[in-house]
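At position 131 of the sequence shown (counting the first as 1) the number is 172 in this note's numbering, and the numbers step up by one without a gap.
Here a beta-carbon is modelled for each residue, glycine too, at the ideal position from N, C-alpha and C.
Report on one structure; see the data block that follows.
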Amino acid sequence: MKANVLISSLAVAAVAAVGAVSLQAVQPKPVPGYAETLYADYAQASGQQAAFEIRILDSGRLKQLEGRSFEQIVGAPRYQLEADETPLALRNARFNDNLAVIDRHELDAGVEGFDAVGLPVDLGTYRLLAVSTSIKGVARKHQAIEMCWESQGHCVVFDPSIGFLDSIVNNQRLAKAVGYKPLIQYEERPRAAGDVSTQAVCALASNTNAIGKSLTWAAWTQRYKNVFGVTLVTKNLGGQQAGIRCNSSCNPAPYGYSNSSSGSGSLGYNVSCDWDLNSGTTGRTGRWVAETKCAHRFAGSASAQVTRSGSGSGVSLSWDTNGGVDANGGRYTDTCGYF
């Protein structure tokens, strides 16, 4: 029996050794550049308002991090980098030092959670990152972690100081990939009868071949996922339109619409949306404004409220928001005249 046990033990050891070699052979190498590209795309979308420097502190197999929370790996956030979002840009990048309440779901979780969503920890790699962030000359430093599964073509970065970093950048990338942009439509001016060489015709100052122009922002959906790919926030931004047409008296007649928006959140996140339009004219100049915004916030009341302001061709919409903001729509100003 002892001999059999010894032989069995050797056999098990041999199989284990082969298994270890095989497992090691299929381990993916760290995917170079994913995090660097992610931060670079964020900076570009912000118009370089935010700038990043990335340094690699450590790297290895993801399994080495089992038993530790993400907070133990990268630390808790001391600030948040925030920006207002549209489908094509990040605006008003800023540091938020008011972190009275933070989402601890990811901070308290660990890499073991990836097994449950079809991303085996055994096949993953990681890079621990030192992130230096600067906005308008003010620099801050924190840590983040990049995790990749080369065999599945998947990477994700957990950055506790930039909430939903992957989702923010991927939303921007998706909008560009599908060619999202305002649809511009023109209404050609009527052809003048008789000698057109000396006859002035009413048209838009921005395009003297047109008597009307509109910009239409299609409806758009923004989704924010946690590090495990679970959607926590969804925002359905309604379509918006702003246009101006020169009427029979060659005066501006602004027109358009502002469709409603909605949103939802889970695991402590809530969403608030608002939308409105405003228009006015001063002499032969007109303006139409159509905007919608949705804000999300964790463990508190998100707020997005709009009021009309200004007069004549200087009308606008004033916003009071609280939380992470997504927006759709814009304004159009033009002048009618004889050309």
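Check your understanding: Whose CA, out of N248, N212 and E77, lies closest to the CA of V198?
Key -> One-based indexing of the sequence shown puts residue 198 at position 157. Answer by Cα proximity: E77.
**Study point:** Own chain partners of F380 with C-beta closer than 7 Å, once the 5 adjacent residues on each side are dropped
**Key:** Counting from 1 along the sequence shown, the entry for residue 380 is found at position 339. A241, V242, A244 and T249, listed in sequence order.
Point to revise | Cutoff 8 Å; reference A57; Cβ partners in own chain excluding five residues on either side | key: One-based indexing of the sequence shown puts residue 57 at position 16. Only weak support is given to the placement of A57: the predicted model assigns it a pLDDT of 36, under 50, and the question is left unresolved by the model.
Check your understanding: Between the C-alpha atoms of G101 and S301, what's the straight-line distance to the nearest angstrom?
Key -> Within the sequence shown, the letter at position 60 stands for residue 101. Within the sequence shown, the letter at position 260 stands for residue 301. Using only the alpha carbons, I get a separation of about 48 Å.
Review point. Under 8 Å, do N139 and E123 count as touching if we go by C-beta distance?
Key: Translated into the one-based positions of the sequence shown, residue 139 becomes position 98. Translated into the one-based positions of the sequence shown, residue 123 becomes position 82. No, Cβ-Cβ distance for N139 and E123 is not below 8 Å.
Practice item. For N292, write down the residues that DSSP places opposite it in a beta bridge. Key: Stepping through the sequence shown from its first residue, residue 292 is reached at position 251. DSSP, once it has assigned bridges, lists no residue as partnering N292.
Point to revise | Anticipated Cβ contact below 8 Å, A390 with K334, distance rounded | key: Any question about residue 390 goes unanswered here, given that the chain covers just 42 to 380.
Practice item. Output the boundary residues of the beta strand (DSSP E) element that contains D375. Key: Here residue 375 refers to the residue found at position 334 when the sequence shown is read from its first residue. Looking at the DSSP string, the run of the beta strand (DSSP E) that includes D375 is G365 to Y379.
Check your understanding: To the nearest angstrom, how far is it from the Cα of V347 to the Cα of S175?
Key -> Taking the sequence shown and counting its residues from 1, the one referred to as residue 347 is at position 306. Taking the sequence shown and counting its residues from 1, the one referred to as residue 175 is at position 134. Roughly 31 Å between the two C-alpha positions.
**Study point:** Span of the beta strand (DSSP E) around T249
**Key:** In the sequence shown, the residue the question calls residue 249 occupies position 208. Careful: T249 lies outside any beta strand (DSSP E) and carries neither H nor E.
Exercise for review: For N277, count neighbouring Cβ atoms within 10 angstroms of its own Cβ and tell me buried if that reaches 16, exposed if not.
Suggested key: For the purposes of this step, residue 277 is taken as residue 236 along the sequence shown, with counting starting at 1. Counting Cβ neighbours within 10 Å, N277 comes out buried, since at least 16 surround it.
**Study point:** Buried or exposed by the 16-neighbour rule on C-beta atoms within 10 Å, applied to S359
**Key:** Residue numbering aside, residue 359 sits at position 318 when the sequence shown is read from its first letter. By the 10 Å Cβ count, S359 comes out exposed.
Review point. Assuming V274 and Y310 make a contact with CB atoms under 8 Å, what is their CB distance in whole Å?
Key: By 1-based counting over the sequence shown, the position of residue 274 is 233. By 1-based counting over the sequence shown, the position of residue 310 is 269. Yes, they are in contact, since the Cβ atoms of V274 and Y310 sit about 5 Å apart, within 8 Å.
Point to revise | Inter-residue Cα distance where the pair is L129 and Q226 | key: Position 88 of the sequence shown, counted from the first residue, corresponds to residue 129. Position 185 of the sequence shown, counted from the first residue, corresponds to residue 226. When rounded, the distance between both Cα atoms is 20 Å.
Check your understanding: Mind checking whether F111 and A150 have CB atoms under 8 Å apart?
Key -> Locating residue 111 in the sequence shown gives position 70, counting from the first residue. Locating residue 150 in the sequence shown gives position 109, counting from the first residue. Yes, these two residues count as a Cβ contact at 8 Å.
**Study point:** Burial state of K182, where buried means 16 or more other Cβ atoms lie within 10 Å
**Key:** Here residue 182 refers to the residue found at position 141 when the sequence shown is read from its first residue. Exposed, because fewer than 16 other Cβ atoms sit within 10 Å of the Cβ of K182.
Point to revise | Start-end ranges of the alpha helix (DSSP H) lying completely within the region 180-262, minimum 4 residues | key: 206-218
Exercise for review: Kindly identify the DSSP beta-bridge partner or partners of I143.
Suggested key: For the purposes of this step, residue 143 is taken as residue 102 along the sequence shown, with counting starting at 1. DSSP output for I143 lists no bridge partner at all.
Point to revise | C-alpha distance - L206 paired with A81, whole-angstrom precision | key: The residue labelled residue 206 in the question sits at position 165 within the sequence shown. The residue labelled residue 81 in the question sits at position 40 within the sequence shown. One C-alpha to the other measures close to 12 Å.
Review point. What's the C-alpha gap between R325 and T374?
Key: As a working mapping, residue 325 is identified with position 284 in the sequence shown. As a working mapping, residue 374 is identified with position 333 in the sequence shown. So the alpha carbons of these two residues sit roughly 11 Å apart.
**Study point:** Cα-Cα separation between Q65 and A180, rounded to whole angstroms
**Key:** On the sequence shown, position 24 is the one that residue 65 refers to. On the sequence shown, position 139 is the one that residue 180 refers to. Residue confidence for Q65 is low, a pLDDT of 34 falling below 50, so the modelled location carries little weight; the figure read from the coordinates is stated next. Taking the straight line joining both Cα atoms gives about 40 Å.
Practice item. Identify which residue in R168, E153 and Y167 has its Cα closest to the Cα of A161. Key: Within the sequence shown, residue 161 is the residue found at index 120, counting from 1. For the record, residue 161 in the displayed sequence is Pro; it is not Ala. Ranking R168, E153 and Y167 by Cα distance to P161 puts E153 first.
Review point. What distance in whole Å lies between the Cβ atoms of Y167 and L79, which are believed to be in contact at a cut-off of 8 Å?
Key: By one-based count along the sequence shown, residue 79 stands at place 38. By one-based count along the sequence shown, residue 167 stands at place 126. Wrong, their Cβ atoms sit about 15 Å apart, outside the cutoff.
Point to revise | Identified DSSP bridge partners for Y265 | key: Position 224 of the sequence shown, counted from the first residue, corresponds to residue 265. According to DSSP, which records beta bridges pairwise, Y265 is partnered with V274.
Check your understanding: Sorted by chain position, which residues of the same chain lie with C-beta nearer than 6 Å to Y296's C-beta, five sequence neighbours on each side aside?
Key -> Position 255 of the sequence shown, counted from the start, is the residue given in the question as residue 296. Around Y296: G284.
Point to revise | R132 versus E126 - alpha carbon distance | key: Against the sequence shown, residue 132 aligns to sequence position 91. Against the sequence shown, residue 126 aligns to sequence position 85. R132 and E126: Cα-Cα distance of roughly 6 Å.
Review point. Rounded to whole angstroms, how far is the Cβ of I209 from the Cβ of E229, which I believe are closer than 8 Å?
Key: Taking the first residue of the sequence shown as 1, we reach residue 209 at position 168. Taking the first residue of the sequence shown as 1, we reach residue 229 at position 188. Not confirmed; about 40 Å, so no contact.
Review point. In three-state DSSP terms, what is S354?
Key: To locate residue 354, count along the sequence shown from 1; it is residue 313. Three-state DSSP puts S354 in a helix.
Exercise for review: Answer with buried or exposed for S173, where buried requires no fewer than 16 other C-beta atoms within 10 angstroms of its C-beta.
Suggested key: For the purposes of this step, residue 173 is taken as the residue at position 132 of the sequence shown. The residue in question, S173, is exposed, as its Cβ has fewer than 16 Cβ neighbours within 10 Å.
**Study point:** Exposure of R286, with buried meaning 16 or more beta-carbon neighbours within 10 Å
**Key:** Position 245 of the sequence shown, counted from the first residue, corresponds to residue 286. Buried: at least 16 other Cβ atoms inside 10 Å.
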